[in-house]
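A.B. asks:
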Amino acid sequence: MAEVKEKKAKAKPEGQGKGAEGKREDKKGGKGEKKPKLQSVLAKTYQGEVVPKLIEKFGYKNRMQVPRLEKIVINTSMREALQDVKILQTAANEIASITGQRPVITKAKKSISNFKLRQGQSVGARVTLRGAYMYEFVSRLVNVALPRVRDFKGVSNKSFDGRGNYTLGLTEQTIFPEIDFDKVQKINGMNITFVTTAKTDEEAKELLTLMGMPFRN
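The opening position of the sequence shown corresponds to residue 553 in my numbering, with each subsequent residue numbered one higher.
(1) Determine the burial state of T755: buried for a count of at least 16 other Cβ atoms within 10 Å of its Cβ, exposed for fewer.
(2) Put R682 into one of helix, strand or coil per three-state DSSP.
(3) Tell whether a beta-carbon distance below 8 Å holds between F767 and N717.
(4) Once DSSP output is grouped into helix, strand and coil, what is the label at T726?
(5) For V747, is the classification buried or exposed, using 16 other Cβ atoms within 10 angstroms of its Cβ as the cut-off for buried?
(6) Just the C-alpha distance for K609 and M616, rounded to the nearest angstrom, thanks.
(7) Take R678 as the anchor and find which of P619, T651 and T726 has the nearest alpha-carbon.
(8) So F728 and A697 are supposed to be a Cβ contact under 8 Å. How far apart are they, rounded?
(9) Using the Cα positions of N627 and T597, report the straight-line distance between them to the nearest angstrom.
(10) In chain order, what residues of the same chain lie with their CB nearer than 6 Å to the CB of E758, ignoring the 5 residues before and after it?
(11) What does DSSP give as the partner residue(s) for V701 in the beta ladder?
(12) Alpha carbon to alpha carbon, how far is I607 from G584? Give it in angstroms, no decimals.
(13) DSSP three-state label for T597, please.
(14) Taking the continuous alpha helix (DSSP H) assigned at I607, which residues delimit it?
(15) Does V637 pass the burial test, meaning 16 or more other C-beta atoms within 10 Å, or should it be called exposed?
(16) Is S592 helix, strand or coil by DSSP?
(17) Please return the same chain residues whose Cβ sits closer than 6 Å to the Cβ of P619, not counting the five positions on each side in sequence.
(18) Using only the alpha-carbon positions, how far apart do P655 and A643 sit?
(19) Give the C-beta separation of K738 and I639 to the nearest angstrom, bearing in mind that I take them to be a contact with Cβ-Cβ under 8 Å.
(20) List the whole-angstrom C-beta distance separating L762 from V602, where the pair is believed to meet the contact cut-off of C-beta under 8 Å.
(21) When you compare only the Cα positions, how much space is there between R700 and E730?
(22) Helix, strand or coil for M630, going by three-state DSSP, please let me know.
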């Protein structure tokens with residue numbers, strides 16, 4: 553079973569991940585991908601329940617000041633992809649199954665001789681979720697996937713970056729029900745970064761908590 557890794561969030565602009573670059577992800581799901589409802593239950597919960605509670609706690613003067621989840625960036629990288637590109641393609645297909653949106657393949661920005669890495673070589677996959685896809689992913693993550701982690705006791709509350717963004721590290725993709733364990737060729741981890749409009753980590757933590765993120769006490 554999977555374990556949850558504690559990661560320090562480090563949200564970066566699109567296409568500027570460490571050592572990798574990629575084309576902008578498609579905002580719409582590709583052919584054969586699942587499409588979420590126009591407005592998910594969690595999106596309605598945010599508007600109807602989360603916003604009022606945040607206003608009450610932090611004293612915002614209007615709803616426009618209330619923090620919101622802006623996007624979720626999911627990325628994975630693997631050294632094995634340097635020898636076998638099929639491994640990376642399989643990982644990308646798994647991310648597409650999990651998120652309902654096709655990721656882009658990230659490539660090395662420079663060569664590193666010690667790792668036998670050449671500039672432009674495929675090294676990972678990344679997808680950015682917004683809108684309905686984003687809310688649907690959060691709902692399935694907190695209600696279905698995380699509870700399947702062995703001896704799960706909540707996620708770390710120390711993985712914020714000081715700017716209201718949070719990164720969760722997972723060691724296995726198999727906690728998602730979309731992945732058939734019997735067909736998995738390689739266990740892959742992933743980093744999931746929640747980018748919010750919150751100005752402080754305290755506000756971001758409260759936002760994510762009210763949206764169901766099970767932080768440890």
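Cβ atoms here follow ideal geometry from the backbone N, Cα and C, with glycine treated the same way. This one's a predicted model, so the numbers in the text were calculated from it and none came from an experiment.
C.D. replies: In this structure, then:
(1) The sequence shown places Glu at residue 755, rather than the Thr named in the question. Buried, because 16 or more other Cβ atoms sit within 10 Å of the Cβ of E755.
(2) R682: coil per DSSP, three-state reduction.
(3) No, the Cβ-Cβ distance between F767 and N717 is not below 8 Å.
(4) Collapsing the DSSP output to three states places T726 in a helix.
(5) Burial call: buried.
(6) The alpha-carbon separation between K609 and M616 amounts to approximately 15 Å.
(7) Ranking P619, T651 and T726 by Cα distance to R678 puts T651 first.
(8) Correct: roughly 5 Å between the Cβ atoms.
(9) Roughly 27 Å between the two C-alpha positions.
(10) Contacts found: none.
(11) According to DSSP, V701 bridges with nothing at all.
(12) In this predicted model, G584 has a pLDDT of only 44, less than 50, meaning its place in the structure is not dependable; the value taken from the coordinates is given anyway. The straight-line gap from Cα to Cα measures roughly 40 Å.
(13) Taken through DSSP and simplified to helix, strand or coil, T597 comes out as helix.
(14) If you look at I607, you'll find it in the alpha helix (DSSP H) that goes V603 to F610.
(15) That one is exposed.
(16) Coil at S592, not helix or strand.
(17) Excluding residues within five positions, the ones whose Cβ falls inside 6 Å are T748, T749, A750, E755 and L759.
(18) The C-alpha of A643 is placed about 10 Å away from the C-alpha of P655.
(19) Contact between K738 and I639 is confirmed by a C-beta separation of about 6 Å, below the 8 Å threshold.
(20) Sure, about 4 Å apart at Cβ, within 8 Å.
(21) Per the coordinates, the alpha-carbon of R700 lies some 13 Å from the alpha-carbon of E730.
(22) Note: M630 maps to coil in three-state DSSP.
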